[in-house]
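**Student:** In full-length UniProt numbering, the protein residues as written are 1 to 156. Think of the CB as a built atom: it goes at the ideal place given N, C-alpha and C, for glycine as much as any other residue. Because the structure is a prediction, the values reported are computed rather than measured.
1) From the DSSP secondary-structure annotation, give me the bridge partner or partners of residue 116.
2) By Cβ distance, which residues of its chain are closer than 7 Å to residue 129, with the 5 residues on each side in sequence left out?
3) Is it true that the CB of residue 58 sits closer than 7 Å to the CB of residue 39?
4) Restricting to Cα atoms, I'd like to know which of 88, 70, 97 and 30 is closest to residue 77.
5) When you compare only the Cα positions, how much space is there between residue 146 and residue 111?
6) For residue 47, which option in 28, 6 and 19 has the closest C-alpha, if you only look at C-alpha atoms?
7) Quick check on the DSSP output: the beta strand (DSSP E) that includes residue 58 runs from which residue to which?
8) Do residue 66 and residue 13 come within 7 Å of each other at the CB atom, strictly closer than that value?
9) Applying the criterion that 16 or more other CB atoms from any shown protein chain within 10 Å of the CB defines a buried residue, is residue 82 buried or exposed?
Have a look at this one:
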């Protein structure tokens, strides 16, 4: 298995894994997440997002088969009276193909992200994950990411 950067023009390769992770969110939180209906629209959004400033995507491949991906952004957060300034890698999405889970691919993606951030002298990784997603919670804990803030929501 290799982990390498993915360029936005390759975004179409992420669609099957995006469908996997997104369908889990739709199943558990349909009030928040609409089903993906149009791959053309989804691909247009995804490629545009990946072209954004400070956006990065890493993929894990085995014999050129996509096994997983991680999308992250380098965020520069200015100081405020109530918070120190920081630059961090914000992990927005991580997905591992169902057939390849529990093989260390998610951990390899996070480790590759950590190494790339370290090259830029960035020592913070942050992420959010849904409360129902115990696999993500376990992965983040195994990678050394500890919960710091609890997000709660009411929808009327």
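**Tutor:** In terms of the structure at hand:
1) DSSP, once it has assigned bridges, lists no residue as partnering residue 116.
2) 136, 137 and 140
3) no
4) 88
5) 15 Å
6) 6
7) 55-62
8) yes
9) exposed
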